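The structure appears below as structure tokens.
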């Protein structure tokens with residue numbers, strides 16, 4: 008159970024830590040202290056719903072087809088290895104995470120809609136949380152623990168950005184910080200891929 012939880016946490020962490028528009032938006036809102044806790048909560052809630060849809064929906068479909076499960080397992084291993092290599096390449100030429108633009112939204116509703124748009128209108132969120140995390144979940148001993156681990160990674164990351172923005176901003180602006188993060192992401196992905204390769 009704990010191994011499933013850890014695997015879920017590592018895979019999700021590796022996917023969401025990469026520099027992206029959503030992270031920049033959350034950091035920008037937090038630096039302006041503008042509904043930043045709501046923004047983090049919405050990001051986590053969306054992730055949790057999509058993760059559960061993937062883990063409990065995709066997993067159920069895959070368990071009915073051993074052949075498809077084998078193909079997905081191989082594809083998952085290749086994806087994790089490829090993502091790990093991609094993280095290594097990012098570490099070779101790191102960039103800093105810059106905060107979002109300085110324009111200030113004037114209502115909670117506007118910020119909420121912006122958060123939902125930047126979270127749900129990105130097609131990669133469905134590939135990552137529903138398909139990838141879901142397909143890897145079926146190979147875990149405990150689906151619930153795996154989903155909880157993935158959701159925990161999302162919660163820690165987004166609330167960490169929201170609550171620690173003023174302290175994190177100088178570090179996240181440094182390429183060296185992202186080099187170290189990307190190296191950590193590569194190790195996470197390689198580790199989970201290796202475990203799947205040696206799995207039952």
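Numbering (my numbering), first residue to last: 8 to 207.
The beta-carbon is built from N, C-alpha and C at its ideal position, and this holds for glycine as well.
Remember, it's a predicted structure, so these values are computed and weren't measured experimentally.
To the nearest angstrom, report how far apart residue 200 and residue 8 are at their CA atoms.
18 angstroms
Can you tell me which of 203, 94, 175, 80 puts its alpha carbon nearest to the alpha carbon of residue 31?
175
Residue 180 lies in the alpha helix (DSSP H); which residues open and close that run?
Here residue 180 belongs to no alpha helix (DSSP H), and DSSP marks it neither H nor E.
Indicate the three-state DSSP secondary structure (helix, strand or coil) for residue 65 in the structure shown.
helix
Under three-state DSSP, which class holds residue 152?
helix
Residue range of the unbroken alpha helix (DSSP H) whose run includes residue 58
43–59
Taking only three categories from DSSP, how would you classify residue 128?
coil
Cβ neighbour criterion (16 or more within 10 Å) applied to residue 207:
Below a pLDDT of 50, predicted positions are generally treated as unreliable, and residue 207, at 48, falls in that range; no measurement from the model is reported.
When the distance is taken between beta carbons, is residue 42 closer than 9 angstroms to residue 2?
Past the boundaries of the shown model lies residue 2; the chain is included only from 8 to 207, so the question cannot be answered.
Buried or exposed: where does residue 15 fall if 16 or more other Cβ atoms within 10 Å of its Cβ makes it buried?
buried
Applying the criterion that 16 or more other CB atoms from any shown protein chain within 10 Å of the CB defines a buried residue, is residue 141 buried or exposed?
buried
Would DSSP call residue 159 helix, strand or coil?
helix
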